[in-house]
Each structure stands twice: as structure tokens, then as C-alpha cells.
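Participant:
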Amino acid sequence: MLPSYSQEDTPLLTAMKNYVDDGVIPFHTPGHKFGKGMHHRLGSIVGRASLEMDLALLPELDDLHEPHGCIKAAQDLAAELYGADHSFFVVNGTTGGIYAMILTIAGPGDKIIVPRNAHRSIIGGVLLNGAIPVFMHPEVDKHLGLAQGVTPETVEEAIHRHPDAKGVLIINPTYYGVATDLQRIVDIVHDHNMPVVVDEAHGPHLHFSSRLPLQALDAGADICAQSTHKIIGALTQCSMVHCREGRVSVPRLKAMLQLVQSTSPNYILMASLDVARMQMATEGHKLVARAVELAEWVRAEINCIPGLYSFGADKIGAPGVFSLDPTKVTVTVKGLGLTGAEAERILRHEYKVQVELSDMYNVLFLITLGDGEAEARAMVEALRALAANHAGKRDFSSMEDAYGSDYPPIPEQVLSPRQALFGHTKTIPFKQAAGRVCAEIITFYPPGIPLLCPGERISAEIIAYCLRLQKAGLHISGPEDYMLKTVKVVE
Ligand SMILES: Cc1ncc(COP(=O)(O)O)c(C=O)c1O
107 MLPSYSQEDT PLLTAMKNYV DDGVIPFHTP GHKFGKGMHH RLGSIVGRAS
157 LEMDLALLPE LDDLHEPHGC IKAAQDLAAE LYGADHSFFV VNGTTGGIYA
207 MILTIAGPGD KIIVPRNAHR SIIGGVLLNG AIPVFMHPEV DKHLGLAQGV
257 TPETVEEAIH RHPDAKGVLI INPTYYGVAT DLQRIVDIVH DHNMPVVVDE
307 AHGPHLHFSS RLPLQALDAG ADICAQSTHK IIGALTQCSM VHCREGRVSV
357 PRLKAMLQLV QSTSPNYILM ASLDVARMQM ATEGHKLVAR AVELAEWVRA
407 EINCIPGLYS FGADKIGAPG VFSLDPTKVT VTVKGLGLTG AEAERILRHE
457 YKVQVELSDM YNVLFLITLG DGEAEARAMV EALRALAANH AGKRDFSSME
507 DAYGSDYPPI PEQVLSPRQA LFGHTKTIPF KQAAGRVCAE IITFYPPGIP
557 LLCPGERISA EIIAYCLRLQ KAGLHISGPE DYMLKTVKVV E
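First residue of the sequence shown: 107, per my numbering; consecutive thereafter.
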């Protein structure tokens, strides 16, 4: 029997501290032995106190893969807080969580319904297990150059075409904070007796404010993976997978999480998940409310700067936009005649402000629990200076026209991505590739939706479309030859 803990406790961190305080002489891994064997160049930066906590699998410290002690207690507290039947700590990011979710619901040759703008970890998951992705097109905001959510109607239609699929994967919310109507989607998918698994990399804080989109589990989803490290207080690489019993096999999920993670998980990383959970339990609502307030203030200020625009509640109700996380502040800079990448460079090097990411038209800022008024003001001032001093002369209308309304249909899937990736491939001129099976991903930004994935038939129409986007100056991502003179195809 485990002792009973409250949400104010941190069972894993406390067990680690007790071990260190006991004055044990370690004849176990890690080899640096509390930092004594580590070169001072790193040791002096990390510090002795931290290195003493860099511990290993020991009887008192439980085992991530077979937890029955302090790790189990820490995970159970996370499950209680997030409303899950089971929660699991993941030290390989949401990438690892997504691999495990996909491996849990589908096997080789099984179909899984996923958005076409899936993060690369989702494509990685289907490459690992040999599943066949059935792609759904997200809605596209042409003016912002962003892929938004997939609508419930799109999900319903995909299930109708593929009633034999093993499940549906949804992104909640997108990197830019846009959420679809997840509750309706969950109802539709469950009506067809399939599980819903959710890439919630950008949503570990959703549960703590009614001003944010609904958390996947609260919408009734079966499994979700959240990057605790991205938005709240855990260290980089630390995520959690939460699940509900019923439609998915929990033992299989546990086995798959074992498969994608080290047998020597870092204890400081795991303890950071324990502490992040305690922090959210004790102060989460207050901290998230402050971040939301700050972000809304920033957004209002930005929208007063000529040439800049930050979308917010005004977009709710647009296709694929059911709700929005306001703490993701997307600033559209094309009104200045600058690309997002140009704005990112200027902000970094002239004003010492680093954004989370940039794309063709936008830069994205994350406002989190770690920000205060000073940071918010500095951000607004930097954007004011950017607008005043760097407005360019570029006109983006030809790009918008290039990827406009005639987005080509998703190509015929001939092989699974795994068969295409591991098959014999050769490189041929792109213009002569019609009829061949593609062996790589080709994506143009905006809007970042792949035009070709491994295993798909290349058509003359897709070739013409890609060449048109290239001519209009859109950025290509994915192929080995980024000039797209050649393409890798299956022999
Ligand atoms: C939408 C989405 N899903 C999954 C991931 C992977 O998360 P992690 O970096 O925690 O592995 C990311 C990372 O950026 C992401 O943006």
C-alpha cells in the first residue's frame, strides 16, 4: 500500500532528496558520482546540488517502467489533477507520447485518421508501426497563411469513407493556439466505436482556465499527450500522457511507452514533472489567469500598431476555429512588407527579443507563467520599433494567390509511409515524376500542409502546383533537394 499523498506533496522529489540527504556512498550509475567525476567546465555550471540529484534506478526511487513506489504516487497525483484514469511521465517529449499513442491503437497495415498538417512526430509514429494514415484536410486561413483545425464534418466524412480505421488523432490546439470543436468530434468518433487520441503538446495548461479551449480529456478523449515542458514548469523533454479506460488498452499503452523510452530515464527530468503537477494543483488557476490577462493586454496593444495584426476572439467561428488559447500571440507582420523570418531576425538581433517561431507571414510569441509585465512591455516596445523602423516594400498578394482556393486533393496512397521509406528508392527529375510513388515529404509554407507524403502517387497536377508555389517564392520543407529539381521516388 502506498502512503496517501495530497496535491501539495511531491513524492518523487522528496524520495530523491531523502536519498541524497542520507549520505550514501554511490557505487552505481551515473558515473560522474554526484558530479565528482565530471569535468568542472560543465560541473561548475550545473552545480553540485543538481548533480547530486542526478540519480538512477534504485530501490527507493522506483522504476518508471514498472512503477509501484514514489513514481507511481507522483503519476497517480497527476491523474487525479488532470481527471485521467492513468497518467504517465514521459522523458522523451510529446514526440515519445505520440509514438506510444499511435502504437497503442494501430498496428502494421491498420488505418488511422490524422490531420494532414500533423506534426512530424505523428508521421514518425506511422513510420514506426507501419500504419496507413488517412489524411483529413485542415481548414486554411489564406490571409494569415495558417492551417487551422479540422472540422467535425471533415472527421465525420473521413470515418464514413474509412469505417475500418482504428482511431482518429486530433491536434488540440495547434501551435498557434487554435482549437477545433473537440467535444463534437469525440462524440462523432465514439459513435463509430473508435478511440480519439489527441496531440495536446500545446495544452498542458488548458485544464486550469475556462478562458482556454477544452482539455482533451475533459472533452471525453481517450488518450492525450501534453508537453508539460512547453507551456508550464517542467524541464525540456518532459511530457505526460493521460488516458481514460474503456476504448484503449492501458497495458498496451504502458508497453508502448516502455518501447519508446530509455531504461535509464533522467530523475531530475521526472522530478520536474512531479513539481510542475504540484505547482499547477496549488497555483495553476491563478498563474494561468495572469498569463491570459497579460496576453490579452499585449494583443490589444499590438493591434494598435499600424502594419501589425494579432488575431484573437475575432477569428472564433471562422472555419476550423472553435476556440482559441490567447496566450499564443501570433503577430502577422506582412502588413509591414516583411516575412516572419525577417521580423524574427530583426527582433532577435536589434531588440534582443526571441520569438518561438516564424513562418511566411507571422511570428509567434508564447506568454506563459514565466512572464510578467516587464516582459510584456518589452515585447510591445520591440514590435513598435520594428513597425516604425523596418517596414519593407514587399507585396505578398502573389503568394496568397498561388496557394489559393484550388488546393490539390490529397494524392492516391499506394504504399504505407513505412514501405515507401524502407523500400528501394532513387532520385529522379521532379518534372518527370508524374505517376511515380513519392518517398519523401514535400511541404510548402504557408500553409504548412504536406502536398506529398511517402507512399503517395505524384500526379502531373501536383507537380504543376508545386512549381507554381515555388515560382511565387513560398518556402519548401521536407525534400532532400530543397530546390525541388529532383525528388526521391520508390523504384
Ligand atoms: C503540434 C506538436 N505536436 C507534438 C510536438 C512534439 O512535442 P515535444 O517537443 O514535446 O516532443 C510538437 C513540438 O513542437 C508540436 O508542435
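Just so it is clear, CB atoms sit at the ideal spot from N, CA and C, and this is done for glycine as well. All figures in this text were calculated on a predicted structure; none of them were measured in a lab.
What are the boundary residues of the alpha helix (DSSP H) that Tyr551 is part of?
Facilitator: Unbroken run through Tyr551 is the beta strand (DSSP E), Ile548 to Tyr551; no alpha helix (DSSP H).
Participant: Distance, Cα to Cα, Leu119 vs Ile177?
Facilitator: The alpha-carbon atoms of Leu119 and Ile177 are separated by roughly 9 Å.
Participant: So Met384 is in the beta strand (DSSP E); what residue range does that whole segment cover?
Facilitator: Premise fails: Met384 lies in the alpha helix (DSSP H), Tyr373 to Ile408, not in any beta strand (DSSP E).
Participant: Indicate whether the contact test is met: 3 or more Cβ pairs, each with one atom in the stretch 557-568 and one in the stretch 521-532, closer than 8 Å.
Facilitator: Judged by Cβ distances under 8 Å, the stretch 557-568 makes contact with the stretch 521-532, as three or more pairs qualify.
Participant: For Ala382 and Ala331, which I take to be in contact (beta-carbon distance under 8 Å), what is that distance rounded to the nearest angstrom?
Facilitator: Wrong, their Cβ atoms sit about 15 Å apart, outside the cutoff.
Participant: Measuring CA to CA, which of Val543, Gly326 and Leu312 is closest to Val303?
Facilitator: For the residues Val543, Gly326 and Leu312, the minimum Cα distance to Val303 belongs to Gly326.
Participant: Between Lys499 and the rest of its own chain, which residues show a CB-CB distance below 7 Å, the 5 nearest in sequence each way excluded?
Facilitator: Same-chain partners within the cutoff: Gly443.
Participant: Is the CB-CB distance between Ile204 and Gly236 below 8 Å?
Facilitator: Going by C-beta atoms, Ile204 is not nearer than 8 Å to Gly236.
Participant: Please go through the same chain and pick out, in chain order, the residues whose beta-carbon is closer than 8 Å to the beta-carbon of Tyr373, but skip the five residues on each side of it.
Facilitator: Excluding residues within five positions, the ones whose Cβ falls inside 8 Å are Leu118, Met122, Met159, Asp160, Leu161, Ala162 and Leu167.
Participant: Between which residues of its own chain and Ile265 is the CB-CB distance below 6 Å, once the five residues before and five after are set aside?
Facilitator: Excluding residues within five positions, the ones whose Cβ falls inside 6 Å are His298.
Participant: Does DSSP put Thr592 in a helix, in a strand, or in coil?
Facilitator: Correct three-state label for Thr592: strand.
Participant: Quick check: what's the CA-CA separation for Glu487 versus Phe417?
Facilitator: Approximately 19 Å between the Cα atoms of the pair.
Participant: Compute the distance between the beta-carbons of Glu597 and Lys532, then report whether it is under 8 Å.
Facilitator: Yes, they are a contact pair.
Participant: Can you tell me where the alpha helix (DSSP H) with Phe241 in it begins and where it stops?
Facilitator: Careful: Phe241 lies outside any alpha helix (DSSP H), inside the beta strand (DSSP E) at Ile238 to Met242.
Participant: For Lys434, which residues does DSSP report across the bridge?
Facilitator: For Lys434, which the question treats as bridged, DSSP gives the partners Leu472.
Participant: If we count the other Cβ atoms within 10 Å of its Cβ and call it buried at 16 or more, is Ser368 buried or exposed?
Facilitator: Its Cβ having fewer than 16 others within 10 Å, Ser368 is exposed.
Participant: Could you give the distance in angstroms between the alpha-carbon of Leu148 and the alpha-carbon of Ser315?
Facilitator: Between Leu148 and Ser315, the C-alpha separation is close to 40 Å.
Participant: Would DSSP call Ser110 helix, strand or coil?
Facilitator: In the structure shown, Ser110 sits in coil (DSSP, three-state: anything other than H, G, I, E or B).
Participant: Could you name the residues that DSSP lists as bridge partners for Met346?
Facilitator: For Met346, which the question treats as bridged, DSSP gives the partners Phe195 and Gln332.
Participant: Taking the continuous beta strand (DSSP E) assigned at Ile151, which residues delimit it?
Facilitator: Not the beta strand (DSSP E): Ile151 falls in the alpha helix (DSSP H), residues His146 to Val152.
Participant: Run through DSSP, which three-state label would Ile277 get?
Facilitator: Three-state result, Ile277: strand.
Participant: For Gly283, collect the residues of the same chain with a Cβ closer than 6 Å to its Cβ; drop the 5 residues on either side in sequence, then sort them by chain order.
Facilitator: Around Gly283: Leu430, Asp431 and Lys434.
Participant: Quick one: what's Lys217 bridged to in DSSP?
Facilitator: In the DSSP output, where bridge partners are listed per residue, Lys217 has Ile238.
Participant: At a cut of 8 Å, does the stretch 272-287 reach the stretch 250-261 through at least three beta carbon pairs?
Facilitator: Output reads yes: the stretch 250-261 touches the stretch 272-287.
Participant: Given Thr200, which residues of its chain have a CB within under 6 Å of its CB, disregarding the five upstream and five downstream residues?
Facilitator: Contacts found: Ala307, Ala331, Ser333 and Ser345.
Participant: Taking 7 Å as the line, does the beta carbon of His249 fall inside it for any heavy atom of ligand 1?
Facilitator: It does not: the Cβ of His249 is nowhere closer than 7 Å to a heavy atom of ligand 1.
Participant: For Phe550, is the classification buried or exposed, using 16 other Cβ atoms within 10 angstroms of its Cβ as the cut-off for buried?
Facilitator: Classification for Phe550: buried.
Participant: Decide if Thr342 is buried, meaning its Cβ has at least 16 other Cβ atoms within 10 Å, or exposed.
Facilitator: Thr342 should be labelled exposed.
Participant: Please tell me whether, using a cut-off of 7 Å, the distance from the CB of Gly199 to the nearest non-hydrogen atom of ligand 1 is below it.
Facilitator: Yes, the Cβ of Gly199 comes within 7 Å of a heavy atom of ligand 1.
Participant: Beta-carbon separation of Tyr467 and Val427 under 8 Å?
Facilitator: Result no, Cβ atoms of Tyr467 and Val427 do not sit closer than 8 Å.
Participant: Buried or exposed: where does Asn124 fall if 16 or more other Cβ atoms within 10 Å of its Cβ makes it buried?
Facilitator: So Asn124 ends up on the exposed side.
Participant: So what does Gln519 bridge to, in DSSP terms?
Facilitator: Gln519 pairs with Glu562.
Participant: Please state the DSSP three-state secondary structure of Lys360.
Facilitator: Helix at Lys360.
Participant: Taking the C-alpha atoms as reference points, what is the distance between His530 and Val593?
Facilitator: Near 14 Å, if we compare the C-alpha coordinates of Val593 and His530.
Participant: The alpha helix (DSSP H) with Lys178 in it runs from where to where?
Facilitator: Residues Cys176 to Tyr188.
Participant: By how many angstroms is the C-alpha of Leu157 removed from the C-alpha of Leu489?
Facilitator: Rounded to the nearest angstrom, the two C-alpha atoms are 40 Å apart.
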